[in-house]
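Step one of this worksheet: look at the structure below.
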Ligand SMILES: Cc1cc2nc3c(=O)[nH]c(=O)nc-3n(C[C@H](O)[C@H](O)[C@H](O)COP(=O)(O)O)c2cc1C
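Structural data, given as structure tokens:
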């Protein structure tokens with residue numbers, strides 16, 4: 552063995568599958584609609600679980616997985632939740648109601664798990680170091696003490712031409728950070744439902760204090776949306792899908 556071979560790091564290699572059916576992928580995306588009326592057909596438990604598992608595979612900031620998904624199935628809670636969703640038809644007729652919650656209260660726990668559950672026998676030193684530091688990037692401290700400190704420190708560093716990542720300078724930034732990632736899981740969930748032949752309606756038309764009360768959420772847990780799910784009723788989509796001219800949104804610069 553040459554000395555070069557001896558020092559060569561063993562790299563992880565995960566090939567990208569090439570046999571993906573793009574037409575079916577397009578069909579899933581293009582047939583997803585916001586469904587406002589569902590049939591009475593229940594979603595089988597295994598299908599719902601498979602969809603939730605696919606939601607959890609969404610990309611998420613630093614793999615900190617700052618989300619929770621409450622599948623509200625108790626009839627009493629469901630009744631309250633429909634009321635919290637302003638009695639929207641999409642909520643009233645949904646077979647399942649899932650409250651998607653962004654959270655900033657488990658940063659330390661999730662960071663530690665990224666070390667203990669790293670999929671090598673031991674997390675590399677750089678990974679361990681990263682996860683010891685990263686919670687501070689999104690924490691803001693008591694009375695925003697850490698947030699304020701970071702504000703000053705980042706300003707100073709940037710004046711010295713240092714490039715720095717997105718961080719949380721206050722609880723609203725932290726909420727945005729967790730919300731961004733949670734919304735990606737929500738999209739995975741609705742696409743997964745579609746792929747299994749079911750449909751959904753994302754809803755932010757809900758009374759937040761009431762949702763908080765129903766689920767007993769703490770003040771670092773933020774309901775992002777309620778997803779109503781079920782089988783599309785024949786008259787469940789109210790009009791054809793339309794988007795504005797792509798030129799309005801896509802700029803190649
Ligand atoms: C974050 C978010 C919140 C939404 N809230 C509601 C809602 O409360 N009620 C509703 O009927 N639709 C809601 N929608 C659905 C949108 O109205 C819908 O996505 C949009 O009109 C485009 O239609 P499409 O989803 O069928 O393509 C929401 C969608 C998103 C992404």
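Residue numbers (my numbering): 552 to 804. Even for Gly, the Cβ is constructed at its ideal location relative to N, Cα and C.
Of the residues 794, 760, 755, 792, the one whose Cα lies closest to the Cα of residue 641 is 755.
For residue 600, the uninterrupted alpha helix (DSSP H) run begins and ends at 596-606, by DSSP. Residues of the same chain with a CB within less than 7 Å of the CB of residue 608, apart from the 5 flanking positions on each side, are 739 in chain order. The closest heavy atom of ligand 1 lies 7 Å or more from the beta carbon of residue 624. Runs of beta strand (DSSP E) with 3 or more residues, each lying fully within the stretch 647-686, are found at 647-654, listed in chain order. Taking a C-beta distance under 8 Å as the contact criterion, residue 678 and residue 766 do not qualify as a contact pair. With a 10 Å radius around the Cβ and a threshold of 16 neighbouring Cβ atoms, residue 745 comes out buried. The nearest non-hydrogen atom of ligand 1 is 7 Å or more from the C-beta of residue 783.
Residue state for residue 796 is assigned as coil, using DSSP reduced to three classes.
Secondary structure at residue 774: strand, using DSSP grouped into helix, strand and coil. Counting the other CB atoms within 10 Å of its CB gives residue 660 a total below 16, which places it among the exposed residues. Take residue 582, set aside five residues on each side of it, and the residues of its chain with a beta-carbon closer than 7 Å to its own are 745, in chain order.
Boundaries of the alpha helix (DSSP H) around residue 737: 722-746.
Counting C-beta atoms within 10 angstroms of its own C-beta, residue 773 has 16 or more neighbours from the protein chains shown and is therefore classed as buried.
Going by C-alpha positions, residue 714 is about 15 Å away from residue 703. Taking 7 Å as the cut-off, the C-beta of residue 582 does not count as close to any heavy atom of ligand 1.
Residue 594 has its alpha-carbon roughly 19 Å from the corresponding atom of residue 627.
Within the same chain, Cβ atoms closer than 7 Å to the Cβ of residue 674 are found at 666, the five residues on either side in sequence being excluded. In this chain, the alpha helix (DSSP H) harbouring residue 762 covers 759-766. Buried is the label assigned to residue 688, since at least 16 other Cβ atoms lie within 10 Å of its Cβ. Pairing residue 775 with residue 605, the inter-Cα distance amounts to about 18 Å. Inter-segment contact for the stretch 776-786 and the stretch 747-762 is present: three or more beta-carbon pairs are separated by less than 8 Å. Under the three-state reduction of DSSP output, residue 621 falls in the strand class.
When only Cα atoms are considered, residue 682 and residue 699 end up about 22 Å apart. Here residue 735 has 609, 610, 611 as same chain residues with Cβ atoms under 8 Å from its own Cβ, once five neighbours each way along the sequence are excluded. In this structure, DSSP gives residue 756 a state outside helix and strand, which the three-state scheme calls coil.
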